[in-house]
Every structure is written in C-alpha cells, then in structure tokens.
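Number of protein chains: 2
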Amino acid sequence: MHFGKVLIFGVGLIGASFARGLKAAKAADEIIGFGRTPKSLKAAYDLGIIDEVGINPGADVREADLILVATPVGQMPEIFQRIAPYLGAHTIVTDAGSTKGDVVEAARAAFGDKIGQFVPGHPIAGAETSGAAASRADLYQGRKVVLTPLLENAVEDIEKVKRAWELCGADVRILDAETHDRVFAAVSHLPHLLAYALVDEFARRPNADQLFDYAAAGFRDFTRIAASHPEMWRDISLANRTALLAELDRYGAALMRIRQALVNSDGEALASIYANARDARQNWSH
Amino acid sequence: MHFGKVLIFGVGLIGASFARGLKAAKAADEIIGFGRTPKSLKAAYDLGIIDEVGINPGADVREADLILVATPVGQMPEIFQRIAPYLGAHTIVTDAGSTKGDVVEAARAAFGDKIGQFVPGHPIAGAETSGAAASRADLYQGRKVVLTPLLENAVEDIEKVKRAWELCGADVRILDAETHDRVFAAVSHLPHLLAYALVDEFARRPNADQLFDYAAAGFRDFTRIAASHPEMWRDISLANRTALLAELDRYGAALMRIRQALVNSDGEALASIYANARDARQNWSH
C-alpha cells in the first residue's frame, strides 16, 4: 500500500504521529498539513513532520489519495464542508474523532452523494500531552484503531484506511458507530467526566490547598485524565451526550448502592463490591 | 533517638517497611513481629526484617519502648485489648491506620487510664502491593506521616513517635483526628470508592469483555486503586463512614451539576468545569 498525496487537518499529537508513522513506513509521497494556527504548522514543518504547510485546500484536496481530519470533533463539520466541493474521485477521507455518531452525521451533511468516500475512524491513543512536538512515529504501535465503516463505503476504501493505520503499527478493529459510542462513553468519556468533577469540586473548596497537600499517589493516578484538554473533552461530551448521560445515570445508580451499604454499615456488601472490582481489575491486563 | 525493644503488630508492607527503615537508621536494638499468620512472620524473619517472631505478647509488651500496630483498622480494637494489660510505664503505642477517629475510640476503650501512652498516626504510603516481601527501607522517604495526638499525650512521647518516622525519612505532620478523617475521606477514601464502583459496575455487564477490551490508558490509571485490598478498604469505609458519606453526597451533587450541563447541551458550563479541573490538576505537583 502506497499513498501519493496525504492531507492532514489538525497537525497535533494524533495527526502528526500519523504523518510520522506513514513516513517511517515510507508509505506516502507527500504529506501536507492544514490547521488553524500557522505557527504550529510551521513548527511541524520545521520538525520534518509535514512536507508542506497547506494554504488553500482546493487543489490539494482534488489530488489527495488520503485525507485525515484529526482536529477536535467540534471543528470537523466546518472542515468537511470546506473540503467537500473539491474531493477527487479517488480521494478517501477519514477522521480521528473520539465520537463517531456525530462525526458521521456531519460527514453525511457535508459530503452528500460522496459520503461513500468517508471512512470514519478513531485511534485509541489519547494522552494529556498534545501538539506536534509530542508526536511519535510509534505512537500507534500496538494501539487499537477503531473504524466504523458506512454501508456506502467501498470494501477497498475501508481496506486502504485500515492499511494506513496498520503501517503505523496499529491493531485495527471494526465496530458500528453506535456500539463504538456506547463503549467509549463507558470506558473513556465517563472516567474523564468523573475525574474532572472530582478535581473541580476540590479546587472550589475553601480548604483546597489542604486537600491537595495531603493527596497522594492514589489521587494522582485517579485524576491524571483531569489534566486533559478541556475544549476537546467538552466537544466529546456534547457529541456523545446521549450515551454519556446513560453511562452517568448507570454509574449514579451504582454509587447509590454503595451509599446504601455505607448507610447500613453493611461490610459484607462493600467487601463483595470491592472484591469483584479488584478481581476484574487484576484480571484486566493492558 | 534510639529504641530498645520495638514491637510490630502486622508485618505487612507498612509494618515491615517501618522495621526496615528503623534498622537502616540503626535506631532499634530489637524488632519483634506479631501477626495472624505464622507463615508470613517466618518469611519476614527469614528476610531479616524482624529479629524475632513474637509468640505471647505479655513480656515483650512490658519491655517495649515502642509498639506499632500496622494491621487493617478492623483488627486494631482486639490488638489494643490484648496488649493493654501489659503496657510498661515507658511503652509508647502508635498505629498506622488510615482512619483516626475510630482508632482513637478503640484505643480509649482498651487503654483506659493509659490512653496517654497511645499516639495515633497514619503513614501516607499505601500501595496495591502488600506483604512484607514488598517492603522497603525507603518506603517512607519523602512521604507524609500524619500524627493526630491526644490531649493526654506527653509532648516527649509525641516527639519520640515523630522521630521514629523521621528516621524512616518521613515528613511528619500534625492534624486533629477529625480533620484528618475529613481530609482523607476526600482525597483518598472517596476516590477508592469511585474506582471500585466503576470497575464493579463494568464487570457485571453482559458486554464486560468488550468494555475491558477497549479500555485504554485513561481507564488504567483511573482504576488502578480498584486493585487495592478489599478487606482493608471495607474496614476504612466503615470506620470513616460519616465523613465518607458526606464526601459521596458532595460528589453526587457535583455530578448532578455536570449532568444538568449535559442535558442542556451547555458547552460553556462543561468547558468551565473541565478547565478549572485541568488548571488545578496541572498546578498540583506531587
């Protein structure tokens, strides 16, 4: 598998690592970066991550074999609208959004008849670090990338996107968009919301300094994801709000069961919940 | 500061690391270990962590300069009752319990007139690893140890316990027991409960395997503490249930505010909470 011209919209950690992965595999002739801030594009260019800083996407989109949109999901609708008129007959568009239902909806609205050229994707490689400078050619090595293909996609186009990620070292999985959004609401979006809620709540208290002073290793790991990008997680929360609300309510019910055990001083119920969690967590190897 | 005979009840990670720290500082003549399981005491003896496996505490307690009770808090009342009749006039007892209100209450019940000889303490050095084999002489290096002295304590006795921990490398702080329990309900006990609740809830679902399959680094760190010892955390939850319930309700209210923002698709409110948490978490250096 080889790509001629590859366009990347949003040359942050995710987009830049994809570029580096393809370059390391010698799988692309030319990689052009687009983004909102000329300064960070220039930095990516200076680091050799992209071959060119894109200015006006028209001609480049027409000639592109592959376009990755790797911005926060909130910016994707506008980018899809912007590139839709220029898509070449052979151009495949994919994305790196953490939610898929909303991205597919925006893609349908923008691409219309050409929706078959859009293969939705989600690389599972978030980090609190961000920006092209933090990117690595091996970021996707052994990481999962989920594709949520559309009925309109040609099998060979899905295969091309799959191969592009595999060239970056990824383990590519296929899910439908709805299942994707439900699974990630549970295992990723909810934990972020829970960690943000805890740290925000502590930070607003009069004795916040005292609390943070005595917080130790358990707190450190539990709240690591609360250092994630607020704008990105606002977008994800809104984009996947239906599934996220369902997860939040389910979790709230679980907390109420523990609360009841505490109120009743029911040590057996607590120990049973804790032991079940401990066993599951220990059996889960990442 | 030098101690003659030191007794340690519960030679697990915490007790054994204290023994190793004192030995490394050449601050004790003899360290005797007591515990429920002869096998693990024998192992601690074989590793050179204790000088003797204690059998009948009577005579040893009478001669001891310092006694550390480092069992789960649920076992402390019985141990206090067992040693109370034998306390020498110069013997100081301290503990390593994660909660202080309940431990002090149990100590008052057991020691009666001799309560002044009990200086309550809490080393902040939990870990998912446990057992004497995981212990280290430098476990307390740079870690906080909180003492919550009683009005009945002699200043020089508080000072002796403080020095013992400092010889292990710890940064010793003083709090009253109630403040201690409120602070640790927030920064330690609540996060454990929240992590246990999440993993238990996932593990009970029909699609648990799928969820754990797609869980990634964020989930890994968020739930690391759910691998902690269920019996120990049941004891802590019950011992500190009043403060823990207050924290849980406060957190529930915070979740309800986020829920409302999600229901209203209020991106501004979400971004403000997330950004406040991100700033606080980034400013917190551990």
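Just so you know, the protein sequences line up as chains A and B, in that order.
Residue numbers for the first sequence follow our numbering, beginning at 134 and rising by one.
Residue numbers for the second sequence follow our numbering, beginning at 134 and rising by one.
C-beta: ideal position from N, C-alpha, C; glycine also.
Collapsed DSSP secondary structure at residue 285 (chain B) in the structure displayed: Along the second sequence, one-based indexing puts residue 285 (chain B) at 152. DSSP places residue 285 (chain B) in coil when its eight states are reduced to three.
Does the count of Cβ pairs from the stretch 243-257 of chain A and the stretch 273-293 of chain A closer than 8 Å reach three? Yes, the stretch 243-257 of chain A is in contact with the stretch 273-293 of chain A.
Out of curiosity, what's the CA-to-CA distance linking residue 186 (chain A) and residue 408 (chain B)? As a working note, residue 186 (chain A) is residue 53 in the first sequence. As a working note, residue 408 (chain B) is residue 275 in the second sequence. Looking at the two C-alpha atoms, the distance is approximately 30 Å.
Cβ neighbour criterion (16 or more within 10 Å) applied to residue 314 (chain A): Here residue 314 (chain A) refers to the residue found at position 181 when the first sequence is read from its first residue. That one is buried.
Contacts of residue 334 (chain A) in chain B (Cβ-Cβ under 7 Å): Within the first sequence, the letter at position 201 stands for residue 334 (chain A). Those within 7 Å of residue 334 (chain A) in chain B are 383, 384 and 387.
Of the residues A:265, A:283, A:298 and A:266, the one placed nearest residue 438 (chain A), counting alpha carbons only: The first residue shown for chain A is 134 and the last is 419, placing residue 438 (chain A) beyond what the model contains.
Can you give, in chain order, each stretch of the alpha helix (DSSP H) that sits fully within the stretch 200-288 of chain A and has at least 4 residues? 209-216 and 234-244
Just checking: is the beta-carbon of residue 277 (chain B) within a distance shorter than 8 Å of some beta-carbon in chain A? By 1-based counting over the second sequence, the position of residue 277 (chain B) is 144. Judged by the 8 Å Cβ criterion, residue 277 (chain B) is in contact with chain A.
In this structure, how does DSSP classify residue 367 (chain B) when only helix, strand and coil are distinguished? Against the second sequence, residue 367 (chain B) aligns to sequence position 234. Helix.
Is the stretch 201-214 of chain B touching the stretch 228-237 of chain B, taking contact as three or more C-beta pairs under 8 Å? Contact between the stretch 201-214 of chain B and the stretch 228-237 of chain B is established, with three or more Cβ pairs separated by less than 8 Å.
Element boundaries [beta strand (DSSP E), containing residue 140 (chain A)]: The sequence position of residue 140 (chain A) within the first sequence is 7, counting from 1. Counting along the chain, the beta strand (DSSP E) containing residue 140 (chain A) begins and ends at 136-142.
May I ask you to check if the CB of residue 155 (chain A) is nearer than 7 Å to at least one heavy atom of the ligand NAP? In terms of ligand content, the structure shown is empty, and the ligand NAP therefore cannot be addressed.
Which residue from A:335, A:181 and A:183 puts its Cα closest to that of residue 387 (chain B)? Counting from one through the second sequence, the residue named residue 387 (chain B) turns up at place 254. Nearest option by C-alpha distance: A:335.
For the alpha helix (DSSP H) holding residue 392 (chain A), just list the boundary residues, first then last. Against the first sequence, residue 392 (chain A) aligns to sequence position 259. 374-396 is the span of the alpha helix (DSSP H), which, as asked, contains residue 392 (chain A).
With residue 307 (chain B) and residue 280 (chain B) assumed to form a contact (beta carbons below 8 Å), what rounded beta-carbon distance in angstroms separates them? As a position in the second sequence, residue 307 (chain B) is number 174, starting the count at 1. As a position in the second sequence, residue 280 (chain B) is number 147, starting the count at 1. So it is a contact: roughly 6 Å between Cβ atoms.
Please work out which residues of its chain come closer than 7 Å, Cβ to Cβ, to residue 282 (chain A), disregarding the five sequence neighbours upstream and downstream, and give them in chain order. Locating residue 282 (chain A) in the first sequence gives position 149, counting from the first residue. So the list reads 252, 291 and 307, once near-sequence residues are dropped.
One question on the structure: do residue 147 (chain B) and residue 156 (chain B) come within less than 8 Å of each other, judged by their Cβ atoms? Locating residue 147 (chain B) in the second sequence gives position 14, counting from the first residue. Locating residue 156 (chain B) in the second sequence gives position 23, counting from the first residue. No. Outside cutoff.
Does DSSP classify residue 337 (chain A) as helix, strand or coil? If you number the first sequence from 1, residue 337 (chain A) lands on position 204. Coil, per DSSP.
State the Cα-Cα distance for the pair residue 217 (chain B) and residue 384 (chain B), rounded to the nearest angstrom. If you number the second sequence from 1, residue 217 (chain B) lands on position 84. If you number the second sequence from 1, residue 384 (chain B) lands on position 251. Computed Cα separation, rounded: 40 Å.
Buried or exposed, going by whether 16 or more other CB atoms sit within 10 Å of the CB of residue 382 (chain A)? For this step, residue 382 (chain A) is matched to residue 249 along the first sequence. Residue 382 (chain A) should be labelled exposed.
Does the distance from the CB of residue 358 (chain B) to the CB of residue 330 (chain A) come in under 8 Å? Within the second sequence, residue 358 (chain B) is the residue found at index 225, counting from 1. Within the first sequence, residue 330 (chain A) is the residue found at index 197, counting from 1. No, the pair does not count as a contact, with Cβ atoms beyond the cut-off.
Spell out whether any CB of chain B is found under 8 Å from the CB atom of residue 352 (chain A). Here residue 352 (chain A) refers to the residue found at position 219 when the first sequence is read from its first residue. It does; some Cβ of chain B falls within 8 Å.
Kindly say whether residue 298 (chain B), judged by its beta-carbon, lies nearer than 8 Å to any beta-carbon of chain A. Locating residue 298 (chain B) in the second sequence gives position 165, where the first residue counts as 1. No, no contact with chain A.
For residue 370 (chain A) versus residue 326 (chain A), is the C-beta distance shorter than 8 Å? Translated into positions along the first sequence, residue 370 (chain A) becomes position 237. Translated into positions along the first sequence, residue 326 (chain A) becomes position 193. Yes.
Measure the alpha-carbon distance for residue 241 (chain B) versus residue 190 (chain B) and round it to whole angstroms. Counting from one through the second sequence, the residue named residue 241 (chain B) turns up at place 108. Counting from one through the second sequence, the residue named residue 190 (chain B) turns up at place 57. Between the C-alpha atoms of residue 241 (chain B) and residue 190 (chain B) there is a straight-line separation of about 20 Å.
Starting from the Cα of residue 420 (chain A), find the closest Cα among B:275, B:135 and B:372 and give me that residue. It is not possible to answer for residue 420 (chain A), since the shown part of chain A is limited to 134 through 419.
Would you report the Cα separation of residue 246 (chain A) and residue 342 (chain A), rounded to the nearest angstrom? To locate residue 246 (chain A), count along the first sequence from 1; it is residue 113. To locate residue 342 (chain A), count along the first sequence from 1; it is residue 209. One alpha carbon belongs to residue 246 (chain A), the other to residue 342 (chain A), and they sit about 57 Å apart.
For the beta strand (DSSP E) holding residue 302 (chain B), just list the boundary residues, first then last. Numbered from its first residue, the second sequence carries residue 302 (chain B) at position 169. Residue 302 (chain B) -> no beta strand (DSSP E), and no H or E assigned at all.
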